[in-house]
Amino acid sequence: MADTVEKVPTVEASSSSAEASSISGEKTEPTTVEKKKWGDVEDDDEEDAKNAISELNSLSIEEEEKRESVLEEPEDANIKAVTSGDTPYTSASRFEDLNLSPELMKGLYVEMKFEKPSKIQAISLPMIMTPPHKHLIAQAHNGSGKTTCFVLGMLSRVDPTLREPQALCICPTRELANQNMEVLQKMGKFTGITAEVAVPETNRGVNIAKRAPVSAQVVIGTPGTLKKWMSFKKLGLNHLKILVFDEADHMLATDGFRDDSLKIMKDIERVNPNFQVLLFSATFNETVKDFVARTVKDPNQLFVKREDLALDSVKQYKVICPREENKIEVIKDQIMELGDIGQTIIFVRTKASANKVHKALAEMGYDVTSVHGSMTEVDRDKIVKEFKDCLTQVLIATDVIARGFDQQRVNLVVNYNLPTKYETGEPDYEVYLHRVGRAGRFGRKGAVFNLLLDGSRDREVMEKIEKYFGAVVKEIKSWNSEKEYKGALKEAGLLEE
DNA sequence: AAAAAAC
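Put into structure tokens, the structure is as follows:
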């Protein structure tokens with residue numbers, strides 16, 4: 001449990017209201033109640049939240065103007081910031097504002113080809129990098145550049161002359177660990193900083209007990225392997241300064257990786273009480289949010305209102321299919337025959353469905369691939385790489401890649417099954433949002449087709465999702481009308497008029 | 001049940 005981590009109940013600690021200040025400049029009322037509810041939609045003052053971003057102390061009028069000229073910014077990036085303690089933070093409108101090493105700057109401009117920080121980057125990076133390096137809970141839209149925040153955060157805090165692990169990043173899947181490592185390698189190309197991935201099977205055949213201790217300065221991995229390395233004393237914790245949880249809500253959810261995550265945090269804290277924790281995700285439901293806020297002491301917090309979370313650039317549709325078999329027909333006749341509208345991910349609920357849909361489409365002669373957790377690591381890596389290299393156009397997947405998977409050419413997401421909670425059959429709102437977020441990376445256009453089965457709970461589930469996010473999900477009235485699908489894709493901006 | 005991973 002959170003016993004050692006949680007030395008001081010965070011809610012109280014961070015809200016000793018004399019200290020608590022908001023960089024959004026809004027009224028800092030007695031915060032005990034308010035802070036506990038950060039992001040709690042019902043209680044938010046609409047106007048405050050709307051204006052929060054423009055009131056950020058350094059996001060003044062000139063920043064407003066810039067925002068308009070930058071297409072990749074989600075228009076409604078209403079990120080609300082609450083700082084703890086009295087450290088003033090100035091939002092970084094340029095990477096130059098961050099005192100980065102020349103090597104790191106070169107990585108950003110030359111390798112990453114970035115021009116300026118995105119909204120979440122502008123706000124979070126100063127919080128991450130400024131002493132006393134407070135913990136950070138950061139929520140931001142899918143595809144808005146969270147990875148850059150924590151990768152840059154890790155790189156900027158590593159001492160390149162010290163050959164010891166100094167930064168650790170924990171991810172829910174091997175795919176995400178690999179992806180984050182690629183970003184880190186690219187961004188850190190000129191820094192000489194070393195990094196290693198900790199996922200199963202990478203060191204096959206090597207006896208863990210016999211391998212040398214990790215000397216890499218940044219380690220990115222999945223919980224099991226990290227725990228294993230730690231228990232074999234192969235991952236030194238003495239010099240760890242920063243611990244990052246990617247998809248943090250999932251990493252700290254009871255039905256996620258909570259126990260593993262807490263154990264790792266505890267182990268690090270034992271040898272190094274002053275390490276910094278960064279928690280990043282696009283979603284934090286109320287339950288997780290409460291827990292997370294109690295888990296790290298005195299954090300800075302960034303959050304987005306639920307209604308502002310759906311991506312405006314991605315249009316959502318639903319189709320009622322009379323029979324299960326019709327779903328395959330829809331994919332075949334309406335999607336596979338479209339020609340070049342970019343890449344597509346088809347999400348299914350189970351591994352068995354993934355295999356079934358894959359087989360059905362393959363038998364009709366379509367070139368599709370699929371990925372799920374029962375495949376060998378080698379196959380998983382291969383399928384994902386092919387898709388990322390654009391060698392394949394249509395990928396059928398379980399929720400293994402629902403979160404974080406970043407492939408900018410994905411324009412179309414198909415929910416073959418809606419995401420629901422196993423125990424209750426209730427919608428899994430977070431997973432829905434993450435799936436949708438696989439399209440529309442960095443403000444690109446995209447479309448989602450939700451395939452509902454007539455006579456099932458799907459309609460109800462869909463309605464609840466729409467209501468939860470305040471999202472518009474238009475219905476394709478006749479499931480087999482080519483005209484309607486084309487109309488939808490034109491509306492979404494994926495097809496020419 | 002998806003997923004990670006380990007004994």
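With our numbering applied, the first sequence corresponds to residues 1 to 497, in that order. Even for Gly, the Cβ is constructed at its ideal location relative to N, Cα and C.
Please look up how many angstroms separate the CB atoms of residue i and residue j, rounded, as I've assumed it's under 8 Å.
{"i": "I264", "j": "K227", "result": "7 Å"}
{"i": "V461", "j": "L418", "result": "5 Å"}
{"i": "V304", "j": "G446", "result": "Actually they do not touch by this definition, with Cβ atoms about 19 Å apart."}
{"i": "L125", "j": "A92", "result": "5 Å"}
{"i": "G145", "j": "L311", "result": "In fact, because the Cβ distance is near 14 Å, the residues do not count as touching under 8 Å."}
On the CB-based measure, 16 or more other CB atoms within 10 Å of its CB, does residue i come out buried or exposed?
{"i": "N411", "result": "buried"}
{"i": "D159", "result": "exposed"}
{"i": "L162", "result": "exposed"}
{"i": "T369", "result": "buried"}
{"i": "I208", "result": "exposed"}
{"i": "P322", "result": "exposed"}
{"i": "E34", "result": "Summary for E34: the model assigns pLDDT 30, below 50, so the residue's position carries little reliability, and this model does not support an answer."}
{"i": "K388", "result": "buried"}
{"i": "T350", "result": "exposed"}
{"i": "G425", "result": "exposed"}
{"i": "A352", "result": "exposed"}
{"i": "T10", "result": "The predicted position of T10 is uncertain, since its pLDDT is 27 and thus under 50; no value can be drawn from it."}
{"i": "M251", "result": "buried"}
{"i": "E46", "result": "Here the model assigns E46 a pLDDT of 32, short of 50, so the residue's position is not dependable, and the following value carries that caveat. Under this definition E46 is an exposed residue."}
{"i": "S16", "result": "With a pLDDT of 31 at S16, under the threshold of 50, the predicted position of this residue should be treated as unreliable, and no value is reported."}
{"i": "M505", "result": "In the structure displayed, the chain extends from 1 to 497; residue 505 sits before or after that span and is not available."}
{"i": "K233", "result": "exposed"}
{"i": "D298", "result": "buried"}
{"i": "R306", "result": "buried"}
{"i": "R444", "result": "buried"}
Return the first residue and the last residue of the alpha helix (DSSP H) that residue i is part of.
{"i": "A354", "result": "K351 to E363"}
{"i": "F114", "result": "Where F114 is concerned, there is no enclosing alpha helix (DSSP H), given that its DSSP letter is neither H nor E."}
{"i": "F442", "result": "Neither: F442 is in no alpha helix (DSSP H) and is coded neither H nor E."}
{"i": "Q408", "result": "Taken as a continuous stretch (DSSP letters only), Q408 belongs to no alpha helix (DSSP H), as it is neither H nor E."}
{"i": "N180", "result": "R174 to M187"}
{"i": "F303", "result": "Where F303 is concerned, there is no enclosing alpha helix (DSSP H), although the beta strand (DSSP E) it sits in stretches over N300 to V304."}
{"i": "V436", "result": "Y429 to V436"}
Taking residue i as the reference, give the member of the options with the closest Cα.
{"i": "E164", "options": "L279, P427 and K241", "result": "K241"}
{"i": "T148", "options": "L168, P117 and Q316", "result": "P117"}
{"i": "D259", "options": "G224, P126, K351 and C169", "result": "G224"}
{"i": "E247", "options": "T350, V292, M112 and A212", "result": "V292"}
{"i": "F257", "options": "V271, L168, T222 and N285", "result": "T222"}
{"i": "H239", "options": "D312, T295, I120 and A216", "result": "A216"}
{"i": "D367", "options": "D340, R349, S374 and M336", "result": "M336"}
{"i": "V296", "options": "E426, Y109, D249 and D458", "result": "D249"}
{"i": "L391", "options": "E329, Q407, V378 and E115", "result": "Q407"}
{"i": "E386", "options": "H141, E175 and S156", "result": "E175"}
{"i": "T87", "options": "N300, K421 and D428", "result": "N300"}
{"i": "Y429", "options": "E111, R438 and K467", "result": "K467"}
{"i": "N415", "options": "E363, I328 and Y422", "result": "I328"}
{"i": "K266", "options": "L243, K186, V473 and F232", "result": "L243"}
{"i": "L452", "options": "L168, R380 and Y317", "result": "Y317"}
{"i": "A362", "options": "I341, L395, A253 and V378", "result": "L395"}
{"i": "R94", "options": "E115, K106 and E491", "result": "E115"}
{"i": "M375", "options": "G365, M364 and V400", "result": "V400"}
{"i": "A195", "options": "G145, V151, L489 and A282", "result": "V151"}
Considering only heavy atoms of the ligand GDP, does any lie closer than 7 Å to the CB of residue i?
{"i": "P223", "result": "The ligand GDP is absent from the structure shown, which contains no ligand whatsoever."}
Beta carbon of residue i, beta carbon of residue j: below 8 Å?
{"i": "H372", "j": "A397", "result": "yes"}
{"i": "L98", "j": "M127", "result": "no"}
{"i": "Q343", "j": "R409", "result": "yes"}
{"i": "I120", "j": "L279", "result": "no"}
{"i": "H135", "j": "V348", "result": "no"}
{"i": "L433", "j": "F405", "result": "no"}
{"i": "A140", "j": "L262", "result": "no"}
{"i": "W479", "j": "N326", "result": "yes"}
{"i": "R441", "j": "G143", "result": "yes"}
{"i": "A167", "j": "M187", "result": "no"}
{"i": "K494", "j": "I341", "result": "Note that residue 494 is Leu in the sequence shown here, rather than Lys. For L494 and I341, yes; Cβs fall inside 8 Å."}
Where do the N-terminal and C-terminal ends of the beta strand (DSSP E) with residue i fall, by residue?
{"i": "E246", "result": "According to the sequence as given, residue 246 is Asp; it is not Glu. Element bounds for D246: I242 to D246."}
{"i": "C169", "result": "A167 to I170"}
{"i": "T344", "result": "Q343 to F347"}
{"i": "V371", "result": "V368 to V371"}
{"i": "I320", "result": "V314 to C321"}
{"i": "I220", "result": "V218 to G221"}
{"i": "K474", "result": "V473 to I476"}
{"i": "G446", "result": "G446 to L453"}
{"i": "P284", "result": "The residue you asked about is not Pro; residue 284 is Phe in the sequence shown. Note, F284: premise wrong, no beta strand (DSSP E); not H, not E."}
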